[in-house]
């Protein structure tokens, strides 16, 4: 059952087509990923879903109700974790949580209980009385997430929540997202980190230049480049003779080199090993290691756009 | 709206020392400026006596006896040089036929050499008018007395004149207070000028405007910290968001104005009259207007840094035009007086002075309060329209 439906959504800023006719839906209880490089239009899409901007055209419905027409009715059901830290730096973590809880209608003991629960979820209970300006980047991110969870939203929208933080905080945030989803929360997660989306999301839409270029489960997306594999070969040295010989092997589509490493893009990659070893043996180069890369979303994005996710 | 009000008060509590510093600074600066305008400095006025008559000498004696200025008799060349250099405020030139004019019942002439028109020059002109009028009166009284007594007795007319003149002078001295009032009326001016009261009122209003404008300017910090956008996607309405900020900024203004006015009353002895309700009304309307002005300024800039750059320009220039730094009564330019009408400061000072200086009641604040309210509503409307919500 679709909780959120986005239909032919557009947002133009004068001449810039930030979002240009995207359509997707988010099912109740899933973690839905929006993957794309910086500037793809993910944050603009999130801003429209969270009612910050009105779309230039198109529809967004939540449980069948238009978000554009009845924003206030839906805001109470949404939890929004913005990409930037959106907290009051001169107030403590506790004071910030109290304000955001109050903003969503929580009062008194109910608010205090939720703050206690959420501070455990985000793992920041001991430092709640410190001012936000004294927190590390990771701690700020956690409070930033906590502020969106206080009112138990049905749909949590997280816009690149792990940008610029240490690995420990990042892992904590990712585990928190999974835990919240296990408890039944529907989550929209945007990122340009392919591995985060792969780790968290059951269905994914890949965005580039304001458009969705592919959608589906991870398996469905990887299937786009079915049979294509990347093989990394480390050698004692690489020269032009070796490269030209390797290019003659059947199924090798592309050869890239980086110092003493060759990256081959192949179809039916498992069939080339015999030729690869024998042809290399004809040259003065010696193979040190071979690593076959499993197809992933990065490869899908590269296949679809001709550029890397972090370009 | 309650969420926003509580938030702002909590933030204010954490930054209370900023408010205290601004209030204390306002008080200290108001005191310093009012003291500076009321210091013991006495300007030097030079006298050039080109008339060698007894009358001119009597005029000089009268001038020297007044303690408003320091006087020194010099030559004409020296006088022009000193005035040009600025080491003397002005020079009074007693023309050659001064005594002869009095004898012939003509109006005697005194000249003034000056480089500017300011409050001191106006006071000097007033003193000169007063002294010459008084002196001519004394002379006429003494002449008539000497003539009459001389005709019915054998007494020496010159001696009689001298005695009658001295008695006339004494008579003026006895009624000195009344003379001052009379001379003010003779000078045909409504100038009633009390530097302390004016400066304290002016500077209190001037400095409180900074606090109020920067209090409402906090909404720009909300945009900087992205909390503005986060509130917009929460169930808090735009009206509550803006209303909460306006209410707290207004309250900040009320608290500061109350502190400043109470301190000026108890520390400096300023008497704001007996009509507290009228004083509260004009000040509340003024605070509303300044809060709305702050909203308008916050609407036309993009961030707090721009507000910090724009605010001193707007507040200082309107303060100068509006008469917070000096009374508009001493301004002669019709352009400046016209422009003063579009500044909130002018109307606020006019209202407060109506109560504190002229001891008027509600009737004294009606026009200023209506004008301020009108300005406030215009700024409010523009501010609401201009504030950016994305």
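Residue numbers (the numbering used here), protein chains in the order written: chain A, 775 to 1085; chain B, 7 to 396.
Every residue gets a Cβ at the ideal spot worked out from N, C-alpha and C, and that includes glycine.
Rounded to the nearest whole angstrom, the CA to CA distance from residue 331 of chain B to residue 904 of chain A is 44 Å.
Residue pairing of residue 991 of chain A in beta bridges, as defined by DSSP: A/977.
Within the stretch 815 to 840 of chain A, 824, 825, 826 and 827 place their CB atoms closer than 7 Å to a CB of chain B, listed in sequence order. With fewer than 16 other beta carbons inside 10 angstroms of its own, residue 157 of chain B counts as exposed.
For the pair of segments examined, the stretch 251 to 270 of chain B was found not to touch the stretch 949 to 968 of chain A: the number of CB pairs separated by less than 8 Å stays below three. In this chain, the beta strand (DSSP E) harbouring residue 784 of chain A covers 776 to 787.
The Cβ neighbour count for residue 306 of chain B, taken over all protein chains shown within 10 Å, is under 16; the residue is labelled exposed. Contact check for residue 274 of chain B and residue 206 of chain B: beta-carbon distance about 6 Å, within the 8 Å limit, so the pair qualifies.
Residues of chain B with a Cβ closer than 7 Å to the Cβ of residue 850 of chain A are, in chain order, 241. When B/261, B/7 and B/114 are compared, the shortest CA-CA separation from residue 878 of chain A is found for B/7.
One alpha carbon belongs to residue 1056 of chain A, the other to residue 1049 of chain A, and they sit about 11 Å apart.
Considering only beta carbons, the part of the stretch 851 to 875 of chain A lying closer than 8 Å to chain B consists of 852, 854, 856, 858, 859, 860, 861, 862, 863, 864, 865, 869, 873 and 874, in chain order.
Here residue 894 of chain A is exposed, its C-beta having fewer than 16 other C-beta atoms within 10 Å. Take the alpha-carbon of residue 849 of chain A and the one of residue 779 of chain A: they are about 16 Å apart. Contact check for residue 871 of chain A and residue 889 of chain A: beta-carbon distance about 5 Å, within the 8 Å limit, so the pair qualifies. The C-beta distance from residue 968 of chain A to residue 814 of chain A rounds to 13 Å, too long to meet the 8 Å contact threshold. Taking C-beta atoms under 8 Å as the contact rule, residue 1061 of chain A and residue 1007 of chain A qualify, at a distance of about 6 Å.
Ranked by Cα distance from residue 349 of chain B, the options B/32, B/323 and B/174 are led by B/323. The shortest C-alpha to C-alpha distance from residue 26 of chain B to any of B/177, B/354, B/286 and B/214 is the one to B/214. The beta carbon of residue 874 of chain A sits closer than 7 Å to those of 921 and 924, all from its chain and outside the five residues before and after it, given in chain order. Judged by their CB atoms, residue 297 of chain B and residue 259 of chain B are nearer to each other than the 8 Å cut-off.
The beta carbon of residue 229 of chain B sits closer than 8 Å to the beta carbons of 235, 309 and 394 from its chain, once the five residues preceding and following it are set aside; these are given in chain order. For residue 835 of chain A, the uninterrupted beta strand (DSSP E) segment begins and ends at 831 to 836. Residue 211 of chain B is not a Cβ neighbour of residue 342 of chain B, given a cutoff of 8 Å. Between the alpha carbons of residue 19 of chain B and residue 134 of chain B lies a distance of about 58 Å. Counting every other CB atom within 10 Å of its CB across the protein chains shown gives residue 1011 of chain A a total below 16, marking it as exposed. Under the 8 Å Cβ criterion, the stretch 940 to 952 of chain A does not count as touching the stretch 818 to 837 of chain A, having fewer than three qualifying pairs. Beyond the five residues adjoining it in sequence on each side, residue 785 of chain A comes within less than 7 Å, by CB distance, of 792, 793, 818, 822, 827, 829 and 830 in the same chain, given in chain order. Around the Cβ of residue 959 of chain A, a 10 Å sphere holds 16 or more other Cβ atoms; the residue is buried. Contact between residue 917 of chain A and residue 962 of chain A is ruled out by a C-beta separation of about 20 Å, above the 8 Å threshold. Contacts with chain B at 8 Å (Cβ-Cβ) do not include residue 988 of chain A. The Cβ atoms of residue 105 of chain B and residue 60 of chain B sit closer than 8 Å to each other. Residues of chain B with a Cβ closer than 9 Å to the Cβ of residue 877 of chain A are, in chain order, 9, 10, 13, 236, 237, 240, 241 and 242. A straight line joining the alpha-carbon of residue 95 of chain B with that of residue 299 of chain B spans about 40 Å. In the displayed model, residue 93 of chain B falls within coil according to three-state DSSP, outside both helix and strand. Restricting attention to A/1004, A/948 and A/854, the CA atom closest to the CA of residue 824 of chain A is found in A/854.
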